[in-house]
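Visitor:
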């Protein structure tokens with residue numbers, strides 16, 4: 001599974017990259033496909049079957065259902081994965097082992113991407129078999145491990161790309177967020193890009209955004225890693241990776257408590273012209289960044305920072321003391337509005353509210 005194919009899991013519509021005429025000439029007899037699927041169950045023929053099936057996965061539309069409903073096929077793919085667990089620690093994975101497992105992972109991505117097999121794929125908890133490979137960032141940075149991590153991320157990326165609630169609900173019950181954050185901090189650029197895309201898709205879901213912003217610990221971990229990435233990108237710029245980082249920040253700014261916290265911790269490099277050249281040809285990302293800055297320039301009550309500062313200077317003292325206490329004793333809503341006004345003006349321009357603190 002190439003890096004281009006992995007990125008197809010997070011890009012627009014996946015493309016095989018093969019001209020239509022060539023695809024038709026490569027059309028495979030279903031009998032051959034079924035023969036290779038049968039050969040998955042035989043240890044002596046499995047390696048060749050994995051290779052042949054992975055080559056055909058984009059020209060056989062129903063390969064996912066054929067694999068899922070064939071006796072022993074999925075078990076054989078999982079066996080391939082489990083077999084290399086002992087090579088993780090100590091790190092002894094070879095290029096040959098990595099290529100073989102990645103062919104199995106490519107077939108699992110095929111199953112994960114298919115509408116008819118995705119629910120069963122999740123119900124069987126199959127993504128969890130990939131997580132040991134995502135834990136390997138500190139143990140080995142060699143090409144075989146990186147290839148394995150990237151292909152595993154591609155399977156998760158293919159899942160979240162569907163924008164299905166069941167996918168997000170499943171992932172939130174697992175350790176995928178801390179795993180992605182670890183890779184975002186120390187992985188290769190390509191692995192960072194896919195991991196950040198996965199986090200972005202989780203954040204774009206309402207349940208995912210609420211989950212990450214539910215506690216300050218969760219939010220601060222995400223914000224800290226994103227901040228480190230911005231500092232790193234300022235030195236070695238990547239428009240593709242920066243795009244996903246900015247989209248994550250923009251989505252976080254949709255949550256009131258996260259928005260208040262981001263006023264204090266958003267990296268200066270996103271406020272000045274550090275990335276102007278990097279984004280000069282990417283209008284959509286420039287717009288996201290402008291919207292992010294605009295969101296953070298809004299006070300909790302909807303005033304921009306200049307208007308808020310002006311009100312601090314000129315708000316009548318009678319609204320701050322008890323002058324109208326008796327007048328408003330039976331008007332709870334107006335009392336609440338007045339309390340909120342005072343709270344907004346007591347808020348420092350870049351400060352955290354008590355909840356975010």
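Residue numbers (UniProt numbering): 1 to 357.
Backbone N, C-alpha and C define an ideal beta-carbon position, used for all residues, glycine too.
1) Pairing CB atoms from the stretch 221–233 with CB atoms from the stretch 164–176, are three or more of them under 8 Å?
2) Enumerate in chain order the residues of its own chain whose CB-to-CB distance from residue 76 is below 6 Å, with the five nearest sequence positions on each side excluded.
3) Going by C-alpha distance, which of 282, 62, 219 and 278 is nearest residue 256?
4) Any contact between the stretch 157–167 and the stretch 197–214? By contact I mean 3 or more CB pairs, one from each, below 8 Å.
5) Which whole runs of the alpha helix (DSSP H) in the stretch 60–92 are 4 residues long or more, in chain order?
6) Start and end of the alpha helix (DSSP H) containing residue 213?
7) Please state whether DSSP places residue 335 in a helix, a strand or coil.
8) Who are the near neighbours of residue 294 in its chain, counting only those whose CB is closer than 7 Å to its CB and skipping five residues on each side?
9) Check for me: the alpha helix (DSSP H) holding residue 30 runs from which residue to which?
10) If we ignore side chains and look at the alpha-carbon of each, how far apart do residue 135 and residue 179 end up?
11) According to DSSP, is residue 96 part of a helix, a strand, or is it coil?
12) Just the C-alpha distance for residue 114 and residue 105, rounded to the nearest angstrom, thanks.
13) Do the stretch 241–248 and the stretch 206–218 touch if we need at least three Cβ pairs shorter than 8 Å?
14) Alpha carbon to alpha carbon, what distance is there between residue 34 and residue 291?
15) Rounded to the nearest angstrom, how far is the Cβ of residue 102 from that of residue 148, given a contact under 8 Å?
16) Taking buried to mean at least 16 other C-beta atoms within 10 Å of its own C-beta, is residue 57 buried or exposed?
17) What's the C-alpha gap between residue 93 and residue 298?
18) At the level of alpha carbons, what is the spacing between residue 194 and residue 337?
19) Could you tell me which of 177, 112 and 287 sits nearest to residue 65, measuring between CA atoms?
20) Quick check on residue 319: buried or exposed, where buried means 16 or more other Cβ atoms within 10 Å of its Cβ?
21) So is residue 312 buried or exposed if we call it buried at 16+ other beta carbons inside 10 Å?
22) Start and end of the alpha helix (DSSP H) containing residue 128?
23) Quick check on DSSP: helix, strand or coil for residue 221?
24) Runs of 4 residues minimum, wholly inside the stretch 151–205: which ones carry the alpha helix (DSSP H) assignment?
25) Distance check for residue 315 and residue 321, CA to CA, integer angstroms please.
26) Going by C-alpha to C-alpha distance, which of 341, 73 and 239 sits closest to residue 37?
27) Whole angstroms are fine: how far does the CA of residue 44 sit from the CA of residue 68?
Guide: So, to answer that:
1) no
2) Here residue 76 refers to the residue found at position 76 of the chain shown. Same-chain partners within the cutoff: 40 and 41.
3) As a first step, residue 256 is located in the chain shown; it is residue number 256 there, counting from the start. The option with the nearest alpha carbon to residue 256 is 219.
4) yes
5) 63–68 and 73–83
6) To locate residue 213, count along the chain shown from 1; it is residue 213. 206–213 is the span of the alpha helix (DSSP H), which, as asked, contains residue 213.
7) Looking up residue 335 in the chain shown gives position 335. It is helical.
8) The residue you call residue 294 lines up with position 294 of the chain shown. Within the same chain, no residue comes within 7 Å of residue 294 by CB-CB distance, once the 5 residues on both sides are set aside.
9) Residue mapping note: residue 30 aligns to position 30 of the chain shown, counting from 1. It spans 30–39 - the alpha helix (DSSP H) in which residue 30 sits, taken as one unbroken run.
10) Indexing the chain shown from 1 puts residue 135 at position 135. Indexing the chain shown from 1 puts residue 179 at position 179. Going by the C-alpha atoms only, they are around 7 Å apart.
11) To locate residue 96, count along the chain shown from 1; it is residue 96. Helix.
12) Residue mapping note: residue 114 aligns to position 114 of the chain shown, counting from 1. Residue mapping note: residue 105 aligns to position 105 of the chain shown, counting from 1. Answer to the nearest angstrom: the Cα atoms are 14 Å apart.
13) no
14) Taking the chain shown and counting its residues from 1, the one referred to as residue 291 is at position 291. Taking the chain shown and counting its residues from 1, the one referred to as residue 34 is at position 34. Each residue's alpha carbon lies about 52 Å from the other.
15) For the purposes of this step, residue 102 is taken as the residue at position 102 of the chain shown. For the purposes of this step, residue 148 is taken as the residue at position 148 of the chain shown. Residue 102 to residue 148, Cβ: 6 Å. Contact.
16) By one-based count along the chain shown, residue 57 stands at place 57. By the 10 Å Cβ count, residue 57 comes out buried.
17) What you label residue 93 is simply residue 93 of the chain shown in a count that begins at 1. What you label residue 298 is simply residue 298 of the chain shown in a count that begins at 1. Between residue 93 and residue 298, the C-alpha separation is close to 51 Å.
18) Position 194 of the chain shown, counting from 1, holds the residue named residue 194. Position 337 of the chain shown, counting from 1, holds the residue named residue 337. The straight-line gap from Cα to Cα measures roughly 44 Å.
19) Your numbering for residue 65 matches position 65 in the chain shown. The shortest Cα separation from residue 65 among 177, 112 and 287 belongs to 112.
20) As a position in the chain shown, residue 319 is number 319, starting the count at 1. When all chains shown are included, residue 319 counts as exposed.
21) Position 312 of the chain shown, counted from the start, is the residue given in the question as residue 312. Exposed, since its Cβ has fewer than 16 Cβ neighbours within 10 Å.
22) Here the question's residue 128 lines up with position 128 in the chain shown. Here residue 128 belongs to no alpha helix (DSSP H), and DSSP marks it neither H nor E.
23) Position 221 of the chain shown, counting from 1, holds the residue named residue 221. Helix.
24) 165–172, 176–186 and 189–204
25) On the chain shown, position 321 is the one that residue 321 refers to. On the chain shown, position 315 is the one that residue 315 refers to. Each residue's Cα considered, the two are about 11 Å apart.
26) Locating residue 37 in the chain shown gives position 37, where the first residue counts as 1. Answer by Cα proximity: 73.
27) By 1-based counting over the chain shown, the position of residue 68 is 68. By 1-based counting over the chain shown, the position of residue 44 is 44. If I take the Cα positions, the gap works out to 21 Å.
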